[in-house]
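Chains as they are written, first to last, in my numbering: chain A, -8 to 277; chain B, 96 to 375.
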């Protein structure tokens, strides 16, 4: 997707500005972690982007805004997963069919993605969506979103209802979608750090941090890293080896990581935080 | 309408039909409307004679009078909470993130609901016709057709009102309260006794007749009566004004067009409000 230009975006509820003169631009390929405390304006921003709220200011896709609040051609390019799964009464099969017919989502792709997330769509297709567990609902919504050929993916706290295993699979699936831009709202940066190249923090409707990781951590720059493990852990060691780390004694590992992948690497470390006894990350260029 | 728009419209209409067919309100509604007809048939209403009516005509007169009380209440209560309920539950936030235009979403649901609402009434009238044929009664086909039309007009009117209420209400409670209040007011103004009291209280008679003409429930009731009682003997003195002003055919046409137009205007207002406010 081309650039999204947000200019002077203000949304008020009963005179209280939830988004306050927000100006932001997203380039094609941006994978943004949108962080902030409750009420910071993350969900409101998404709803403005999806044309669900009236607002002041402009939101333009591929250039200046066309003046229309909600444009179906734009929505066809956006996949969305809400913070709370809606209590839809329709059976799962009908929801999937609606997504296929309404957005051109790939049905076979849905089966693959759902299987990776531990859901058998054939088994639950007759069950009403609202009767599924919170985690199952979230997995189905993620499945639908990822099966679409969307250019922008908007996820509002997507992993909130997922168990750790499903969360890891979900992160991997998102990482595979290199063709799409992403806007991921999360209270926990470490959860999505491995995916993103830009972090935007909102506070009371304003951008208080816009950390374009790729600008600062240029391609071709590496960081030296040393990690001491409390005990040899096969999965963690395999992951470190994949990153090019090597060890002399089985517990102390050393390697170099591309600076642009720092967040992704820290995301990996966060999964095994309890095993890390020593960590040093040399920020100087090598 | 482009083929894409037609496909989207069909998609939303099918979704609404399936959603309603699953809902308890529709099961209950269909059961009441079809059950009433079966009950009237079983109790032998068609064999009795009241005010000169007997056979299938008698059955239809009784059924249509009951329908007038049941149909609007069901429609307005079930519809008024539909969109506002979806908004509260978060269904709209998700479903409207799909690339479907608001017009398609709103009018697709409207049309689907209208068809569903009419289906049980038409089924009941069909059952009555079959029953009449089996009993050897003469079938008043013209009246069956006009009753179907009057019912469709009344249904459109209250469906439009329900969509309007659902669009302007910010909570299900408000929508339900408003819909019940409006229904009660219309039923109260239906009461000829109340209208008589207004006349007795020296309201201008034209104003009182105006209220009766503007009330879609009353127009339905009067038109359904006029089909079998062209002199409107059952209605009393008010009939002089109606017959002088419209005539029999004119009044039936009025009762078909006015509630339909009113319902479409309500629905259009609802759409206008829906499309210009926060959707979630």
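For every residue, glycine included, the Cβ atom is placed at its ideal position computed from N, Cα and C.
If we count the other Cβ atoms within 10 Å of its Cβ and call it buried at 16 or more, is residue i buried or exposed?
i, result
"residue 130 of chain A", "buried"
"residue 373 of chain B", "exposed"
"residue 127 of chain A", "buried"
"residue 276 of chain B", "exposed"
"residue 227 of chain A", "buried"
"residue 278 of chain B", "buried"
"residue 41 of chain A", "buried"
"residue 181 of chain B", "buried"
"residue 302 of chain B", "exposed"
"residue 188 of chain B", "buried"
"residue 299 of chain B", "exposed"
"residue 269 of chain A", "exposed"
"residue 335 of chain B", "exposed"
Quick check: what's the CA-CA separation for residue i versus residue j?
i, j, result
"residue 212 of chain A", "residue 263 of chain A", "25 Å"
"residue 134 of chain B", "residue 73 of chain A", "48 Å"
"residue 70 of chain A", "residue 163 of chain A", "18 Å"
"residue 251 of chain B", "residue 160 of chain A", "50 Å"
"residue 295 of chain B", "residue 224 of chain B", "43 Å"
"residue 4 of chain A", "residue 103 of chain A", "42 Å"
"residue 17 of chain A", "residue 126 of chain B", "55 Å"
"residue 363 of chain B", "residue 262 of chain B", "11 Å"
"residue 280 of chain B", "residue 324 of chain B", "27 Å"
"residue 277 of chain A", "residue 165 of chain A", "Here residue 277 of chain A scores only 44 on pLDDT, less than 50, and its place in the model is too uncertain to base an answer on."
"residue 119 of chain A", "residue 89 of chain A", "14 Å"
"residue 346 of chain B", "residue 157 of chain B", "20 Å"
"residue 249 of chain A", "residue 258 of chain A", "14 Å"
"residue 10 of chain A", "residue 23 of chain A", "18 Å"
"residue 121 of chain B", "residue 15 of chain A", "48 Å"
"residue 124 of chain B", "residue 198 of chain A", "52 Å"
"residue 85 of chain A", "residue 177 of chain B", "19 Å"
"residue 95 of chain A", "residue 139 of chain A", "7 Å"
"residue 81 of chain A", "residue 121 of chain A", "8 Å"
"residue 179 of chain A", "residue 150 of chain A", "10 Å"
"residue 138 of chain B", "residue 65 of chain A", "60 Å"
"residue 227 of chain B", "residue 242 of chain B", "16 Å"
"residue 247 of chain A", "residue 230 of chain A", "14 Å"
"residue 155 of chain B", "residue 220 of chain B", "8 Å"
Using DSSP's beta-bridge definition, name the partner residues of residue i.
i, result
"residue 216 of chain A", "A:246, A:272"
"residue 173 of chain A", "A:22, A:144"
"residue 16 of chain A", "A:-4"
"residue 192 of chain A", "A:26, A:200"
"residue 118 of chain B", "Beta-bridge pairing links residue 118 of chain B to no other residue."
"residue 168 of chain A", "Answer is none; residue 168 of chain A lacks a bridge partner."
"residue 1 of chain A", "A:47"
"residue 256 of chain A", "Answer is none; residue 256 of chain A lacks a bridge partner."
"residue 52 of chain A", "A:-5"
"residue 267 of chain A", "A:220"
Return helix, strand or coil for residue i, following the three-state DSSP convention.
i, result
"residue 47 of chain A", "strand"
"residue 72 of chain A", "strand"
"residue 84 of chain B", "This structure cannot settle anything about residue 84 of chain B, because the visible part of chain B is limited to 96 through 375."
"residue 78 of chain A", "coil"
"residue 277 of chain A", "Because residue 277 of chain A sits at a pLDDT of 44, beneath the cut-off of 50, its placement in the model cannot be relied upon, and the following sentence gives the value as read from the coordinates. Three-state result, residue 277 of chain A: coil."
"residue 107 of chain A", "helix"
"residue 155 of chain B", "helix"
"residue 269 of chain B", "helix"
"residue 394 of chain B", "Chain B is shown from 96 up to 375; residue 394 of chain B falls before or after that span and cannot be answered."
"residue 64 of chain A", "helix"
"residue 355 of chain B", "helix"
"residue 119 of chain A", "strand"
"residue 325 of chain A", "Residue numbering for chain A in the displayed model covers -8 to 277; residue 325 of chain A lies beyond these limits and cannot be assessed."
"residue 112 of chain B", "helix"
"residue 236 of chain A", "coil"
"residue 83 of chain A", "helix"
"residue 348 of chain B", "helix"
"residue 282 of chain B", "helix"
"residue 323 of chain B", "helix"
"residue 37 of chain A", "helix"
"residue 299 of chain B", "coil"
"residue 360 of chain B", "helix"
"residue 238 of chain B", "helix"
Is residue i close to chain E, meaning its C-beta is less than 9 Å from at least one C-beta of that chain?
i, result
"residue 92 of chain A", "Absent here is chain E; the protein component of the structure consists of chains A and B."
Quick test of the definition: if touching needs 3 or more C-beta pairs under 8 Å, does the region 185 to 197 of chain B touch the region 303 to 313 of chain B?
The region 185 to 197 of chain B and the region 303 to 313 of chain B do not touch, with fewer than 3 CB-CB distances between them shorter than 8 Å.
Could you tell me whether the region 181 to 199 of chain A touches the region 105 to 114 of chain A, using the rule of 3 or more Cβ pairs below 8 Å?
no
For the region 207 to 222 of chain B and the region 107 to 115 of chain B, state whether three or more C-beta atom pairs, one from each stretch, are separated by less than 8 Å.
The region 207 to 222 of chain B and the region 107 to 115 of chain B touch, with no fewer than 3 CB-CB distances between them shorter than 8 Å.
Should the region 228 to 240 of chain B be regarded as contacting the region 338 to 348 of chain B, the criterion being three or more beta carbon pairs within less than 8 Å?
no
I want to know whether the region 189 to 199 of chain A touches the region 31 to 41 of chain A - three or more CB-CB distances under 8 Å.
These segments touch.
Across the region 195 to 207 of chain B and the region 101 to 110 of chain B, are there enough close Cβ pairs to call them in contact, namely three or more that are closer than 8 Å?
By the Cβ test, the region 195 to 207 of chain B is in contact with the region 101 to 110 of chain B, since at least three Cβ pairs between them sit closer than 8 Å.
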